[in-house]
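S.K.: The sequence shown lines up with residues 408 to 685 when you count with my numbering. Glycine included, C-beta positions come from ideal geometry on N, C-alpha and C. All of these numbers come straight from a predicted model, not from anything done at the bench.
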Amino acid sequence: MAEYAIGDVHACLPELQALLTAIRFDPTNDRVWFTGDLVGRGPQPAETLRFIRGLGERAEAVLGNHDIHCLAVAEGTGRQRKDDNLAPLLKAEDRATLIDWLRQRPLLCDISAGAHTLVHAGIPPQWDLDDARRLAREAEALLRGPDCPQLLAHLYGNDPDRWQEDLTGWDRARFIINAFTRMRYCGADGRLRFQHNGPPEAAPADHYPWYEAPGQHLADSGRTVIAGHWSRLGQRSGPGYVTLDTGCLWGGALTALRLDGPKPVFTQVACPGNLRPA
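As structure tokens, then:
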């Protein structure tokens with residue numbers, strides 16, 4: 408059995424199918440893990456969810472910020488933007504089934520192959536992996552429970568931008584979900600910084616990539632965190648992390664990482680680009 412992680416798909420189903428062909432993915436035996444943003448802006452949101460859901464236990468995905476936004480729009484608490492391209496999903500006959508399947512996806516997954524942990528955006532420096540697992544389960548319970556509509560209605564916003572264990576209510580849930588799905592940079596004090604989304608080489612001096620932020624626990628965790636979300640960062644690897652969003656939506660590539668075996672193996676398929684970069 409082979410295990411793979413794949414970067415942000417963004418409803419680009421032909422590119423995903425081409426990548427699975429390139430890695431010779433066997434849906435009866437292999438397993439694939441997605442870094443989130445299965446939908447959002449790309450051309451085939453319903454078909455993409457239908458395809459990945461159809462893989463059953465051979466596939467799992469964490470929630471990305473575009474997936475969370477999709478849930479909010481479907482619930483009527485989020486405003487659909489012009490470039491979201493969620494209408495084909497929201498008009499689909501099996502909309503309810505697909506939306507409920509998406510809502511059940513986790514925010515964090517531990518993968519046995521190679522001791523990897525999968526998230527969409529990253530893990531903030533204030534949390535070790537035990538904290539991250541505990542807080543992911545806390546937010547997932549809200550997303551899957553009866554309070555989900557209220558959560559989605561209170562989810563938008565950048566505050567609070569600094570973690571404190573005594574945060575409560577929607578502020579606590581908002582920070583947790585923002586950290587797992589929207590974070591790119593942190594300040595020296597651990598505050599989430601959302602103003603800059605370019606590569607680290609062009610970032611202001613007080614912006615640290617989440618994986619290099621002061622106090623980050625990754626190098627000592629014994630696991631490798633796999634993340635997506637950051638197309639302008641691309642595929643990078645360092646102590647305790649790998650990033651896999653290589654901008655399929657923008658005409659870059661869709662990337663798979665083989666997780667089992669003696670060393671990591673990356674495979675990419677070129678993407679024609681369905682949109683220009685924001």
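Tell me which residue opens and which closes the beta strand (DSSP E) that ARG438 is part of.
M.R.: ARG438 -> beta strand (DSSP E) spans 438-441.
S.K.: Going by C-alpha distance, which of PRO606, ALA626, ILE583 and GLY414 is nearest LEU525?
M.R.: Looking at the Cα atoms, GLY414 is the closest of the given residues.
S.K.: Under the assumption that PRO532 contacts CYS593 (Cβ atoms under 8 Å), give the Cβ distance between them as a whole number of angstroms.
M.R.: Contact holds; Cβ gap of about 6 Å.
S.K.: Go to CYS555, then tell me how far its alpha helix (DSSP H) extends in each direction, as first and last residue.
M.R.: Run containing CYS555: 555-560, per the alpha helix (DSSP H) assignment.
S.K.: Which same chain residues end up closer than 8 Å to ARG540 when comparing Cβ atoms and leaving out the 5 residues on each side of it in sequence?
M.R.: Cβ neighbours of ARG540 beyond the five flanking positions: LEU515 and ASP517.
S.K.: Helix, strand or coil for CYS477? Go by DSSP, reduced to three states.
M.R.: Three-state DSSP puts CYS477 in a helix.
S.K.: Run through DSSP, which three-state label would PRO616 get?
M.R.: Residue state, collapsed to three classes: strand.
S.K.: Return the Cβ separation of ASP444 and HIS523 in integer angstroms, given the expectation that the two are a contact with Cβ distance under 8 Å.
M.R.: Actually they do not touch by this definition, with Cβ atoms about 18 Å apart.
S.K.: First and last residue of the beta strand (DSSP E) that includes GLU608?
M.R.: No beta strand (DSSP E) contains GLU608, which DSSP labels as neither H nor E.
S.K.: If you follow the alpha helix (DSSP H) that ILE584 is part of, which residue opens it and which one closes it?
M.R.: ILE584 -> alpha helix (DSSP H) spans 576-588.
S.K.: Which residues does DSSP pair with THR653 in a beta bridge?
M.R.: For THR653, which the question treats as bridged, DSSP gives no partner whatsoever.
S.K.: For THR588 and GLU547, I'd like the C-alpha separation in whole angstroms.
M.R.: So the two alpha carbons sit approximately 13 Å from each other.
S.K.: List the endpoints of the continuous beta strand (DSSP E) containing ASP517.
M.R.: Start and end: 516-518.
S.K.: With the cut-off set at 8 Å, would you say GLY691 and ASP667 are in Cβ contact?
M.R.: Nothing can be reported for residue 691: it is not among the residues displayed for the chain, which extend from 408 to 685.
S.K.: Is ARG579 near LEU505, with beta carbons less than 8 Å apart?
M.R.: No; because the gap between Cβ atoms is not below 8 Å, this pair is not in contact.
S.K.: Within its chain, find whatever has a CB closer than 7 Å to the CB of ASN604; leave out the 5 residues flanking it on each side and keep chain order.
M.R.: Once the five neighbours on either side are set aside, the close Cβ partners of ASN604 are ARG591 and ARG639.
S.K.: Provide the residue span of the alpha helix (DSSP H) that contains LEU493, from first to last.
M.R.: No alpha helix (DSSP H) holds LEU493; DSSP gives it neither H nor E.
S.K.: For the alpha helix (DSSP H) that ARG510 lies in, which residues bound it at each end?
M.R.: Taken as a continuous stretch (DSSP letters only), the alpha helix (DSSP H) holding ARG510 covers 502-510.
S.K.: Looking at the strands, I want to know which residues DSSP matches up with GLN675.
M.R.: Its beta-bridge partners are THR662.
S.K.: DSSP three-state call for GLU410: helix, strand or coil?
M.R.: Residue state, collapsed to three classes: strand.
S.K.: Given that a residue counts as buried once 16 or more other Cβ atoms are within 10 Å of its Cβ, and exposed if not, what is ASN436?
M.R.: Exposed, because fewer than 16 other Cβ atoms sit within 10 Å of the Cβ of ASN436.
S.K.: Cα separation between GLN424 and GLY645?
M.R.: In a straight line, the C-alpha of GLN424 is about 28 Å away from that of GLY645.
S.K.: Can you look up PRO669 in the DSSP assignment and give me helix, strand or coil?
M.R.: Coil.
S.K.: Is the distance from the Cβ of LEU462 to the Cβ of PRO434 below 8 Å?
M.R.: Contact flag set, yes.
S.K.: Compare the Cα-Cα distances from LEU599 to each of PRO607, TRP617 and PRO606 and report the closest residue.
M.R.: Closest by alpha carbon: TRP617.
S.K.: Let me check one thing: in DSSP terms, what residues is ILE633 bridge-paired to?
M.R.: Partner(s): LEU525 and VAL649.
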